[in-house]
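Participant:
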Amino acid sequence: MEAPAVRDVAPGIVVVNEEDQICATWILHQGRSCFVVEMPPKAVDGYTIPAELVLRCIEERGLTPVGLVFSHAHWDHIDGVATYWDALTDFPEMKLICHESAIEIAPKLKTFFDTVFSDDAYETNIEGEPLYLIHAPKHSASDLMIVFRGTMLTGDWWLGWGDPNPGKVPPATSIKSVDRILGFLRNHRYVVTRLFSVHANDFRYDVNAEAILLETRRYHEMKLAQEKG
Ligand SMILES: [Zn+2]
2 MEAPAVRDVA PGIVVVNEED QICATWILHQ GRSCFVVEMP PKAVDGYTIP AELVLRCIEE
62 RGLTPVGLVF SHAHWDHIDG VATYWDALTD FPEMKLICHE SAIEIAPKLK TFFDTVFSDD
122 AYETNIEGEP LYLIHAPKHS ASDLMIVFRG TMLTGDWWLG WGDPNPGKVP PATSIKSVDR
182 ILGFLRNHRY VVTRLFSVHA NDFRYDVNAE AILLETRRYH EMKLAQEKG
């Protein structure tokens, strides 16, 4: 039986999150294939090794991992990289994909990631079902929105009004990121109806993603206006 930490939260989306995990790990699946999202390390004093937990779940479901990605290059999302590497490299079809901005922040990732993209977005699929990675800095310079089966994983983005902005990302950059996501979705005639934070503490269903993103944009417009004085 699967651990209670494993939950099917949307079509093709499984969250794996034991209580002592510092960040959730996600499985995006279609047919018999899947991508793994996030590489959290073992927590201090924790007993769970997130990579092993996610691998067990993949095996129990008879899935074959074909890709590994992460939302951004902060320690709680990437420091488990070696454990994921150990758990997943037995699968020859695995593609490790990241944006070049993540390598700039965490050069150690270069050893592991074979597909580094520098474009605004990376388009792939899982058994024909589109999977999009959109580079959209707001929480950090390396943020990726991960879009799959009508769900968007929004990393550590603060959605709507407000943003503590610990990475001091300029408001103009955040505005550009919102516009990039909206433009991408419109161009692809793609409708997002679910927004999930990667820490699995904010699940929004049946949302108007465009309206939420426009509200987010308005907040950063206000910050930009303040900056100009
Ligand atoms: Zn985080």
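Using this note's numbering, the first residue of the sequence shown is number 2, and each one after it goes up by one. Quick reminder that beta carbons are idealized off the backbone N, C-alpha and C, glycines included.
#1: Does ligand 1 have a heavy atom nearer than 8 Å to the CB of C58?
#2: If you scan the region 92-148 from start to end, which runs of the beta strand (DSSP E) of 3 or more residues do you find wholly inside it?
#3: Enumerated in chain order, which unbroken segments of the beta strand (DSSP E) with a length of 3 residues or greater are wholly contained in the region 30-64?
#4: With H, G and I counted as helix, E and B as strand and the rest as coil, what does DSSP make of V76?
#5: Distance check for H75 and N209, CA to CA, integer angstroms please.
#6: What does DSSP give as the partner residues of F204 in its beta bridges?
#7: Find the nearest neighbour of N18 within the set G32, P12 and G47, judged by alpha-carbon distance.
#8: According to DSSP, is A6 helix, strand or coil?
#9: Where does T84 sit, in a helix, a strand or coil, going by DSSP?
#10: Would you call the region 119-135 and the region 27-36 touching, i.e. three or more CB-CB distances under 8 Å?
#11: Quick check on M40: buried or exposed, where buried means 16 or more other Cβ atoms within 10 Å of its Cβ?
#12: For V17, which beta-bridge partners are listed by DSSP?
Facilitator: On the basis of the data shown:
#1: no
#2: 96-100, 116-118, 122-127 and 130-136
#3: 34-38
#4: In the sequence as displayed, the identity of residue 76 is Trp instead of Val. Note: W76 maps to helix in three-state DSSP.
#5: 28 Å
#6: F197
#7: G47
#8: coil
#9: helix
#10: yes
#11: buried
#12: V7 and T26
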